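Chemist:
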Amino acid sequence: MKLKPSSKPFRYTLGDRGEAAACSYLKKQGYKILEKNYRCTIGEIDLIVQKDGRIIFVEIKTRSNDHFGRPEESVHAAKQKKLIRLAQWYLKTHPSFASQPAGFDVIAVSGSLDAGLSSVGRGAPEIRHIPQAFTLPADND
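With numbering that gives the first Met the number 0 applied, the sequence shown corresponds to residues 0 to 140, in that order.
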């Protein structure tokens, strides 16, 4: 059986484009990207970054419009709890970062992402960065 290349052009999903925009934004703000889409048995962390001696776990939410609420509103208590478990797992499996202060940021990307990763023509998406949106609880073990 021969496989043919797809005749359809490769397209990023809305979430992929939002993550790329957020990543670009963070780099411009001086953050060092450590991991993108870190996966383990518990789930996935969108970005793990470092700045000023802190390790920051970043949740990125993207929406093309606000008809169902702003993107950051979907990082509710249950999602925060899961992200905290993921961060604890990451720190346990990466002991070189365990001594650094850790926190959680949320990046909300909304608006037009139709122009791809370029803001030419249709306008750039709105990026809202919420630093220290919630924190890693003190270890009670």
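Virtual Cβ for every residue (Gly too), placed ideally from N, Cα, C. Since this is a predicted model, take the numbers as computed values, not measurements.
Between which residues of its own chain and Gln131 is the CB-CB distance below 8 Å, once the five residues before and five after are set aside?
Modeler: For the purposes of this step, residue 131 is identified with residue 132 of the sequence shown, where counting begins at 1. Cβ within range, chain order: Gly102, Phe103, Asp104.
Chemist: List the endpoints of the continuous alpha helix (DSSP H) containing Ile83.
Modeler: Position 84 of the sequence shown, counted from the first residue, corresponds to residue 83. That run of the alpha helix (DSSP H) goes 76-92.
Chemist: What are the boundary residues of the alpha helix (DSSP H) that Ser23 is part of?
Modeler: Counting from 1 along the sequence shown, the entry for residue 23 is found at position 24. Element bounds for Ser23: 13-27.
Chemist: Once the 5 residues before and after Pro70 are set aside, which same chain residues still bring their CB inside 7 Å of it?
Modeler: Taking the sequence shown and counting its residues from 1, one reaches residue 70 at position 71. Cβ within range, chain order: Lys60, Thr61, Arg62, Ala107, Val108, Ser109.
Chemist: Using the Cα positions of Thr134 and Pro100, report the straight-line distance between them to the nearest angstrom.
Modeler: For the purposes of this step, residue 134 is identified with residue 135 of the sequence shown, where counting begins at 1. For the purposes of this step, residue 100 is identified with residue 101 of the sequence shown, where counting begins at 1. C-alpha separation (whole angstroms): 10 Å.
Chemist: What is the DSSP secondary structure of Pro130, counted as helix, strand or coil?
Modeler: For the purposes of this step, residue 130 is identified with residue 131 of the sequence shown, where counting begins at 1. Of the three classes helix, strand and coil, the one that applies to Pro130 here is strand, per DSSP.
Chemist: Using the three-state DSSP reduction, which class does Gln63 fall into: helix, strand or coil?
Modeler: Translated into positions along the sequence shown, residue 63 becomes position 64. Inspection of the sequence shows that residue 63 is occupied by Ser rather than by Gln. Coil.
Chemist: When you compare each of Ser23, Leu85, Asp15 to Ile44 by their alpha carbons, which one comes out closest?
Modeler: The residue you call residue 44 lines up with position 45 of the sequence shown. Comparing Cα-Cα distances from Ile44 to each of Ser23, Leu85, Asp15, the minimum goes to Leu85.
Chemist: Who are the Cβ neighbours of Trp88 in its own chain at under 6 Å, not counting the five residues just before and after it?
Modeler: Position 89 of the sequence shown, counting from 1, holds the residue named residue 88. Same-chain partners within the cutoff: Cys39, Ile41.
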